[in-house]
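Heads up: the structure comes next, in structure tokens.
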Amino acid sequence: MVRRRNYTNTGKGLENRLAQVATQYQTQGKALIKKCDPPSRSYLHNGQVQHQLLKNPYPDFIGVWTTQGGRGIFIEAKSTKVPRLNLCQKGGGVSQDQLGHLNAWHEAGGCVGVVWEHELQWKFVSLKAMLKVLGEKRGKQPRKSIRWDEAKPIPQGGMVMIDFLWNLGQEYLLHPSSK
Numbered sequence: 000m001v002r003r004r005n006y007t008n009t010g011k012g013l014e015n016r017l018a019q020v021a022t023q024y025q026t027q028g029k030a031l032i033k034k035c036d037p038p039s040r041s042y043l044h045n046g047q048v049q050h051q052l053l054k055n056p057y058p059d060f061i062g063v064w065t066t067q068g069g070r071g072i073f074i075e076a077k078s079t080k081v082p083r084l085n086l087c088q089k090g091g092g093v094s095q096d097q098l099g100h101l102n103a104w105h106e107a108g109g110c111v112g113v114v115w116e117h118e119l120q121w122k123f124v125s126l127k128a129m130l131k132v133l134g135e136k137r138g139k140q141p142r143k144s145i146r147w148d149e150a151k152p153i154p155q156g157g158m159v160m161i162d163f164l165w166n167l168g169q170e171y172l173l174h175p176s177s178k
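All the letters of the sequence shown, read from the start, carry residue numbers 0 to 178 under numbering that gives the first Met the number 0.
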């Protein structure tokens, strides 16, 4: 039996890279961030084990900022083949549920954002940027995506390959009015 390969962009590569970055942050004593696997349930149906993903209020990575008094960190990881990140649409990007959950964590005092990968380059998209884009119009229709050039670059190199904590610091610590 020939096994089919899944050539779609599942984002697992980005999640693995961010898990390595989280380990680096923990080693440096900056933050404790963990990958949050979606809840699921398994059951037996006609003699075969079936898996069902359940609703998930948590983004891909959750943690606390040890250098900022334990402030919560909530990061959604997205990887795209095109230089555009869909918002509130089916079939990829940041879903309406994910945006709603990020907003709820933000309102509760957490630092939230999206780490976006495109062609092994990384950018940061803040909640404020996503809400701004959704409020804009293209003609009579609301915008439904963020262009690559609208996202903020994430510093690379040095001690951390994808230093998204720097972006969170710019968004939340240097500009406390963003809360």
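Heads up, the beta-carbon is just placed ideally off N, CA and C, and yes, glycines get one too.
Enumerate in chain order the residues of its own chain whose CB-to-CB distance from residue i is below 6 Å, with the five nearest sequence positions on each side excluded.
i	result
Leu126	Leu101, His105, Val111
Gln49	Tyr42
Lys178	With a pLDDT of 46 at Lys178, under the threshold of 50, the modelled position of this residue cannot be trusted; read the value that follows with caution. For Lys178, where only same-chain residues beyond five positions count, there are no Cβ hits under 6 Å.
Asn85	Gly91, Gly92, Ser144
Ala18	Lys34
For the beta strand (DSSP E) that contains residue i, what are its first and last residues?
i	result
Leu84	83–85
Gln49	47–52
Gly108	Run containing Gly108: none; DSSP gives neither H nor E here.
Ala30	30–34
Gly62	60–64
Ser41	39–44
Locate the alpha helix (DSSP H) running through residue i, then write down its first and last residues.
i	result
Thr22	11–27
Gln155	No alpha helix (DSSP H) holds Gln155; DSSP gives it neither H nor E.
Leu164	163–167
Where DSSP assigns a beta bridge to residue i, which residues make up the other side?
i	result
Pro141	Lys136
His179	There is simply no residue 179 to check, as the chain begins at 0 and stops at 178 in what is shown.
His100	Beta-bridge pairing links His100 to no other residue.
Val93	Leu86
Gly112	Ile74, Ser125
Which residues in the same chain as residue i place their Cβ atom closer than 8 Å to its Cβ, once the five residues preceding and following it in sequence are excluded?
i	result
His117	Ser78, Thr79, Lys80, Val81, Pro82, Trp147
Gly28	Thr65, Thr66
Asp162	Val20, Ile153, Pro154, Gln155
Asn5	Residue placement at Asn5 cannot be trusted, given a pLDDT of 49 that sits under 50; what the coordinates show is reported in the next sentence. Cβ within range, chain order: n/a, list empty.
Lys136	Arg142
Arg40	His50, Gln51, Leu53
Apart from the five residues just before and just after residue i, which ones in its own chain have a Cβ nearer than 7 Å to its Cβ?
i	result
Asp59	Glu14, Lys34, Cys35, Ile74, Glu75, Ala76
Leu172	Gln67
Ala150	Trp115, Lys122, Phe123, Val124
Gln25	Leu31
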